[in-house]
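**Student:**
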Amino acid sequence: MTTLPEANAKFAVDLFKVLATEHQCDNLVFSPVNLTAGLGLLAYASGCEQADQIEKVLHWDEVKECDKPRSRSLGHSTTRLRRAQEKVETCPRPRPRPEPTKPEATCPRPRPRPEPTKPEPTCPRPRPRPEPTRPEPTCPKPRPRPEPEQPKPCDKRRVIHRPAPCPEPEPEPRCPRRDVPCYECEEPEGIHTAFSKILATLNEPSSNYTLSFANKLYGNKDIAFIQKFLYCALKLYLTEVENADLHNAPEEVRRLINLWVEVQTHGKIKDLLPKDSFDCLAQLLLVNALYFKGQWEVKFDKELTEEAPFYPHHADEKECHSVQLMHRKGVYNAGTIDLCNVQVQVVEIPYKNNELTFVLLLPVDCNAEALEQLEDGLSHEHLLDLSCHLKAIEVDLAIPKFSSEKSIEANEYLNLLDLTDHEKADFSGATTTEGVALTQLVHDAAIEIDEEGGEEPEPVPCPKDRRPRREPVEIWADHPFLYYIVHNSTQSIIALGRFAKPE
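Counting from 68, one number per residue, gives the positions in the sequence shown under this note's numbering.
1. Extract the residue ranges of the beta strand (DSSP E) inside the segment 326 to 375, only unbroken runs of 3 or more that lie entirely within it.
2. So, with DSSP's three-state summary, where would you put residue 494?
3. Leaving out five residues on either side along the sequence, give the residues of the same chain with a beta carbon under 8 Å from the beta carbon of residue 499.
4. Taking 6 Å as the limit between beta carbons, can you name the residues of its chain near residue 558, skipping five residues before and five after?
5. Determine which residues share a DSSP beta bridge with residue 280 and list them.
6. Which partner residues does residue 504 have in the DSSP bridge list?
7. Taking just the CA atoms, how far does residue 333 sit from residue 388?
8. Once DSSP output is grouped into helix, strand and coil, what is the label at residue 378?
9. Counting C-beta neighbours from all protein chains within 10 Å, is the total for residue 317 16 or more, i.e. buried, or is it exposed?
10. What is the rounded straight-line gap between the Cα of residue 129 and the Cα of residue 481?
11. Excluding sequence positions up to five away, which residues of its chain have a Cβ less than 8 Å from the Cβ of residue 397?
12. Please list the segments of the alpha helix (DSSP H) lying wholly inside the segment 258 to 314, counting only runs of 4 or more residues, in order along the chain.
13. Taking its Cβ as the centre, do 16 or more other Cβ atoms sit within 10 Å of residue 341, making it buried, or is it exposed?
14. Take the Cβ of residue 408 as the centre, count every other Cβ of all protein chains shown within 10 Å, and call the residue buried at 16 or more, exposed below.
15. Is DSSP giving residue 409 helix, strand or coil here?
16. Helix, strand or coil: how does DSSP classify residue 101 here?
17. Can you tell me the Cα-Cα spacing of residue 456 and residue 495, whole angstroms?
18. What number of angstroms, rounded off, separates the C-alpha of residue 471 from the C-alpha of residue 363?
19. For residue 367, tell me which candidate among 269, 518 and 347 has the shortest Cα-Cα distance.
20. Going by alpha carbons, who is nearest to residue 424 out of 401, 444 and 375?
21. Residue 510: buried (16+ other C-beta within 10 angstroms of its C-beta) or exposed?
22. Find the nearest neighbour of residue 283 within the set 507, 452, 555 and 454, judged by alpha-carbon distance.
23. In the DSSP assignment, what are the bridge partners of residue 474?
24. Relative to the C-alpha of residue 107, which residue among 120, 488 and 379 is closest?
25. Please report the Cβ distance between residue 359 and residue 552, rounded to the nearest whole angstrom; I am assuming they are in contact, meaning their Cβ atoms lie under 8 Å.
26. Roughly how far, in whole angstroms, is the beta-carbon of residue 483 from the beta-carbon of residue 124, given that I think they are within contact range, below 8 Å?
27. Less than 8 Å between the beta carbons of residue 415 and residue 474, yes or no?
28. Look up residue 440 in the DSSP assignment and say whether it is helix, strand or coil.
29. What residue does the beta strand (DSSP E) around residue 458 start on, and which one ends it?
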């Protein structure tokens, strides 16, 4: 059975392979879970056939096909009914029972007459005594308050006028407001509702990491959005829907969109939409951006961070880049495993409270062929089940200190051409305006990896009779590698990328 995290991982691998082929020598990063939220919103806004196409790209159709408890129970009940009918046909008919013989009629005996009963003597009831009347309570008359003394013309005393007490505010009504409609977006077991719970969990504030979503759907001002869609887009996908003058003032709208995204991502994503990114014929524009920065469970010592060489692929032998390499020795879940016939060093670096994990995939061989073979054979099982092949060992770890950002037009890399066709697009779930098509789906992801994190734990003293410790395993990421960040409780892939060279 395919679950939502597995479907998210499958979609992540599919898109990563397309991006890796198009950008073989570049740094890559994108957010599978946030891009799934954007496509899920478009599926919710689409008609049946178009929604099926989007759900197939997201692998949501596999989740739906495997989750059919009602049809199974109906099949079992039909089988039981058929077996019961077969038993009825094969069982012998019961023998007819003989009719009961009626007894001869007999004359009824006369009933004995009851003897007359003598009435018992009754005593006269006593008359009820009248209850004493109590005097009604009388409230004492309030004493007259003395009138304030009026100052004389030559009296220098100051008269203090006390303000009247403020009236207590009326309590707010407990009943819901009738002017705000409440729509039922979907059945409780629907796939949009299930994914909205994942988004709600990811959107909870945390002091251990910063995870900011910047999602908004812009439509031209002549597009009439359905009120239910406006409500459900915010409830299910945390996405606002806004009308803008895309036809007459595209540059002004572009500037406002870039400013809004920059504020939402703490100034890390600037100029999301370049100049002339859309023309005056734009209709629907979906902005989908994410920023992440976390604190490690155990921080890296900044004094140990040093400039070191980095050896990128597809470069001259004499060419070498320098990078800030963070260094730490400690116990991590790590190991060297065979992935796609490539020996890969894998290490899990936890963030604070183990809420998220940074997973590093470093080919042992420092060549382009090994990395390409790893990228071609990567699967969703590798993203979700690598922990089963790792164990806690002492690691001498060194990874680059870097920040990565990548902006892509996702509609160009996905097999969803009908969404941008005015004749084939169907957004009847979002608007009553006909002929509306998607102009752009712009996705951007920005992450920061640095030394910040928790304090160094106190070392545990080793007993004297213990065997000598093994040398720590060296995992030095001084050549291109893959990485991803996973949210542990929901198993959602926050970011997936490739570090090919320092920027």
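All residues carry an ideal CB built from backbone N, CA and C; glycine is no exception.
**Tutor:** Straight from the coordinates:
1. 351 to 361
2. coil
3. 291 and 293
4. 72
5. 357
6. DSSP output for residue 504 lists no bridge partner at all.
7. 29 Å
8. coil
9. buried
10. 18 Å
11. 365, 461, 462 and 464
12. 258 to 269 and 294 to 304
13. exposed
14. exposed
15. strand
16. helix
17. 47 Å
18. 18 Å
19. 518
20. 401
21. buried
22. 507
23. 511
24. 120
25. 7 Å
26. 6 Å
27. no
28. helix
29. 458 to 467
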